[in-house]
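A.B. asks: Questions regarding the structure given below will be posed in turn.
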Ligand SMILES: [Zn+2]
Ligand SMILES: [Zn+2]
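Put into structure tokens, the structure is as follows:
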């Protein structure tokens, strides 16, 4: 575990800023920044949000002196995680898991559910491709946001829009996970 000062120094260098440059951005003297970094004093609480923003970190992580960095992780596309912010409708993906936050909230990866009748995938081979459709409402309050096909090394994303038919065209071959993200009911998954 580092101290707040060590974290500030590390992040400042990662941003390519000198002590003076960071101090100027905060309208402080470089002596103040130097003091923090040497552990002779902590940033004023009122400065923390701006300092954290400039360093591209969380204020909480700065104060705690711990960035909670993950160990190096590999992971192929099969470990793709999906995140959804119910407040603004933003969708995020990562391989494997990473911290996502939106609208001031920390987002947890969605746990895929087995499709129920309202979220059943229909797959039909036509025109040299697998045509995926869902018989799902597509109105503003309740619609599909995204369809995705995820295999070991590839992820195909198909953005869906209200008022349009939910559909995706997949290559004929390939095994993987077929995902549908619903604006109201979460994530559904079936195997192909
Ligand atoms: Zn949001
Ligand atoms: Zn739904």
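Residue numbers (my numbering): 37 to 228. Cβ atoms here follow ideal geometry from the backbone N, Cα and C, with glycine treated the same way. Since the structure is predicted, the reported quantities are computational estimates derived from the model, not experimental observations.
1. My output table needs one value for residue 225: the three-state DSSP class, helix, strand or coil.
2. For the region 207-223 against the region 153-171, are there 3 or more C-beta pairs whose distance is under 8 Å?
3. Terminal residues of the continuous alpha helix (DSSP H) containing residue 161?
4. Assuming contact is defined by CB atoms lying nearer than 8 Å, are residue 83 and residue 62 in contact in what I supplied?
5. Are the region 87-102 and the region 49-69 touching by the rule of at least three beta carbon pairs closer than 8 Å?
6. Can you check DSSP and say which residues form a bridge with residue 121?
7. In the structure shown, what three-state DSSP assignment does residue 93 receive?
8. May I ask which residues mark the beginning and end of the alpha helix (DSSP H) holding residue 8?
9. Report back the beta-carbon spacing between residue 128 and residue 119 to the nearest angstrom; my notes put them in contact at under 8 Å.
10. How is residue 69 classed by DSSP in three states: helix, strand or coil?
11. Could you tell me whether any non-hydrogen atom of ligand 4 is closer than 7 Å to the CB of residue 139?
12. Starting from the C-beta of residue 188, find all residues in its chain whose C-beta is less than 8 Å away, skip the five residues before and the five after it, and write them out in chain order.
13. Opposite residue 144 in the DSSP bridges: which residues?
14. Alpha carbon to alpha carbon, what distance is there between residue 117 and residue 143?
C.D. replies: A quick look at the data gives this:
1. Residue state, collapsed to three classes: strand.
2. With the cut-off at 8 Å, the region 207-223 and the region 153-171 touch.
3. Run containing residue 161: none in the alpha helix (DSSP H); it sits in the beta strand (DSSP E), 157-162.
4. For residue 83 and residue 62, yes; Cβs fall inside 8 Å.
5. Yes: the two stretches touch, three or more of their Cβ pairs being nearer than 8 Å.
6. Checking the DSSP bridge columns, you'll see residue 121 has no partner listed.
7. If DSSP states are grouped into helix, strand and coil, residue 93 belongs with coil.
8. Since the displayed the chain opens at 37 and closes at 228, residue 8 lies outside it and no answer follows.
9. About 4 Å; that satisfies the 8 Å criterion.
10. Reduced to three states, the DSSP call for residue 69 is helix.
11. For ligand 4, the structure offers nothing, since it holds only ligand 1 and ligand 2.
12. Here the set comprises 112, 113, 114 and 212.
13. For residue 144, DSSP assigns no beta-bridge partner whatsoever.
14. Rounded to the nearest whole angstrom, the CA to CA distance from residue 143 to residue 117 is 11 Å.
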